[in-house]
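> Let me give you the structure first, and then I'll get to my questions.
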Amino acid sequence: MGSGLAADLAIADDNYVPTAACSRFFTHPIAVRRRLAAVAIVLSCGAGSAPWARAEEAVGGAKLPQIEVESQSAVTVIGSSESLRAVITALCETSGVELRSYRAPDRPISARYEGAPLRHVLERLLRRESFMLGFSAPAGEGAAEIAWLSVIGTDAAAAPVVASGAPAAPSADPPPGSGSIFPIALIDSDNVGVRANAAKVYARRLDDEAKLRQQLLGGSVQELASQLSGHRFAREFLQTVRTSVRNPEARVKINSLLSRVR
């Protein structure tokens, strides 16, 4: 990365106030600022704590930086990658965000974010791209969470477009694994810890997210099994999900898939 990137990363100060996630539809320049105590953005690598979801291995042939997600308010991305698209794909899969499309040219990235809000991390990683974010309705008094992301192009003056409940636009260039309800990129990891974490996070999502659970329960065993066909760690993934998921109907469906996936 050149000196221009270093200058861009230097805009942070201690007056960072996150943009409101409740607006129906708006745009703004990406000049994101944040608390130095919460987020550090530099061009070196470091270590992080052990969260409930982690991705570190290659996605589509591209080596990933350290990616850890404790919640959407505490995300860590440390290191470099030749593929921003691979990083965004893994980050979305690990945090439970639907990546609806990725139509921007790929590029290398190098960054350090520790314990940062997911929205802040996405805005910084995609500061050269145009993209849309969709938010789920908050439960009770909880804050709305990012439900989906669509990267729609590259623009030197890119700004995010935030929508709530907006319909999805069809993708002409779907991201890796976009046709599957399973985190394929993480299932294919050569790191056993990454695969185990991915399965446990998926089981937790099946218990907590009615939409994902219905996609599993409503899908045919043949179709769901075909999504996992050819992935060498698919059975290991399903076995870990089966032992971790609490929902009895989901467990029965996972058992059925295990009988079909080889």
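Numbers given in the numbering used here equal positions in the sequence shown, counted from 1, plus 2. The beta-carbon is built from N, C-alpha and C at its ideal position, and this holds for glycine as well. Source: prediction; values computed, not measured.
1. In the structure shown, what three-state DSSP assignment does R114 receive?
2. Is the region 237-255 close to the region 206-224, with three or more CB pairs under 8 Å?
3. Residue range of the beta strand (DSSP E) that E100 falls in?
4. C94: which of A227, S132, A149, A76 sits nearest, CA to CA?
5. So which of I69, A200, S112, G98 has the shortest CA-CA distance to T78?
6. Could you give the residue range of the alpha helix (DSSP H) that holds A92?
7. Taking just the CA atoms, how far does I183 sit from R207?
8. Can you name, in chain order, every residue of its own chain whose Cβ lies under 7 Å from the Cβ of S261, other than the five neighbours on each side?
9. Establish whether the CB of L219 and some CB of chain B are separated by less than 9 Å.
10. Measuring CA to CA, which of E131, K202, E84, Y104 is closest to E72?
Well, looking at it:
1. strand
2. Touching, yes, given that three or more Cβ pairs across the two stretches are closer than 8 Å.
3. Bounds of the beta strand (DSSP E) holding E100 are 100-104.
4. Out of A227, S132, A149, A76, A149 has the C-alpha closest to the C-alpha of C94.
5. I69
6. Per DSSP, A92 is one residue of the alpha helix (DSSP H) stretching across 86-97.
7. If you take the alpha carbons of R207 and I183, they lie about 11 Å apart.
8. Around S261: no qualifying Cβ.
9. Judged by its chain identifiers, the structure shown contains no chain B, having just a single protein chain.
10. K202
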